[in-house]
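Quick note: the sequence shown uses numbering that gives the first Met the number 0, first residue 0, plus one each step.
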Amino acid sequence: MRIHALRPLVVDIAAPQALVFEMASATTGTLPGSPPHSAELLERDGDDLIVRYRTPAFVTELVLVERVRLYPPDRIEYEVLDGPLDHVQEFLFFEAVDPHHTRVRYEGVVGSGRALVGTLIARWIAVPAYDRFMRRQLAALKVAAEARAIRTRRFRRPDAA
C-alpha cells in the first residue's frame, strides 16, 4: 500500500483551548462557512465515536464511516472504517498558546492498496480534496470560535466587552 501525507495545516485561534476543542469535536450541525457536509453519530462509548459523514463530491455523494477518538482537550483522531480509500487517518491537535489563544494543527495520511489507479486517486484527487475541505473547515472553526469566545461567559476573553 502506498501512503501519502496530507498537507499539514496550522491555524491560530483567539479562543481558549477547551472552547475550540468543544466546537471541533461536535458531531451535529455545521459551522457557517464550512464545506457542505453532514455527520450522523452511529455509536458512542465515552470518548470513542463512530460517525457517518456525508459530503458532496463531483456528481455524487461521498459517504465515510469513521472512528473518532477524543482526547480532550489536546487532540482528535479520525480513522476511516468504510470509504473509497483503504487507509485514511487524520489528526487535529490543540495547543494552548496562552489561556485565550489556541493553535490548531491538522495532519494525516491517505493510502490505497489498488495498484496504480488507487495511488493516482489517493495522490492527485484525495490529497487536494482533503486540503481544500480542511482549509475551509478550519477557517470556519476560527471565525465561529473567536465569535463565541467574545460572547460567552464560560469562555470569556479578557478583552471582551
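For every residue, glycine included, the Cβ atom is placed at its ideal position computed from N, Cα and C.
Measure the C-alpha to C-alpha separation of Leu61 and Arg53 and round it to an integer number of angstroms.
Note on geometry: alpha-carbon atoms of Leu61 and Arg53 lie some 6 Å from one another.
What are the start and end residues of each continuous alpha helix (DSSP H) run of 4 or more residues lying completely inside the segment 62-135, in chain order?
Within the segment 62-135, the complete alpha helix (DSSP H) segments of 4 residues or longer fall at 114-120, listed in chain order.
For the beta strand (DSSP E) that contains Val50, what are its first and last residues?
That run of the beta strand (DSSP E) goes 47-56.
Using only CA atoms, which one of Leu80, Met22, Pro7 lies nearest to Ala146?
Nearest in C-alpha terms to Ala146, of all of Leu80, Met22, Pro7, is Met22.
Helix, strand or coil for Arg43 per DSSP?
Arg43: strand per DSSP, three-state reduction.
For Ala17, which residues from the same chain have a beta carbon less than 6 Å from its beta carbon, with the 5 sequence-adjacent residues on both sides left out?
Closer than 6 Å at the Cβ level, and outside the excluded window around Ala17, lie Pro72.
Find the nearest neighbour of Phe20 within the set Ile75, Val64, Arg150, Val87, judged by alpha-carbon distance.
Proximity to Phe20 across Ile75, Val64, Arg150, Val87 peaks at Ile75, based on C-alpha coordinates.
Which residue marks the beginning of the alpha helix (DSSP H) containing Ala23, and which one marks its end?
16-24 is the span of the alpha helix (DSSP H), which, as asked, contains Ala23.
Just reading off the beta strand (DSSP E) that Ala4 is part of, what are its end residues?
That run of the beta strand (DSSP E) goes 1-4.
Would the beta-carbon of Asp85 fall within 9 Å of that of Ser111?
Asp85 is a Cβ neighbour of Ser111, given a cutoff of 9 Å.
Rounded to the nearest angstrom, what separates Glu42 and Pro83 at their Cα positions?
When rounded, the distance between both Cα atoms is 21 Å.
Between Pro7 and Ala14, what straight-line distance do the alpha-carbon atoms span, to the nearest angstrom?
Straight-line Cα distance between these residues: approximately 21 Å.
Helix, strand or coil at Ala144 according to DSSP, with G and I counted as helix
Under the three-state reduction of DSSP, Ala144 is assigned to helix.
Would DSSP call Ala38 helix, strand or coil?
The DSSP-derived three-state label of Ala38 is strand.
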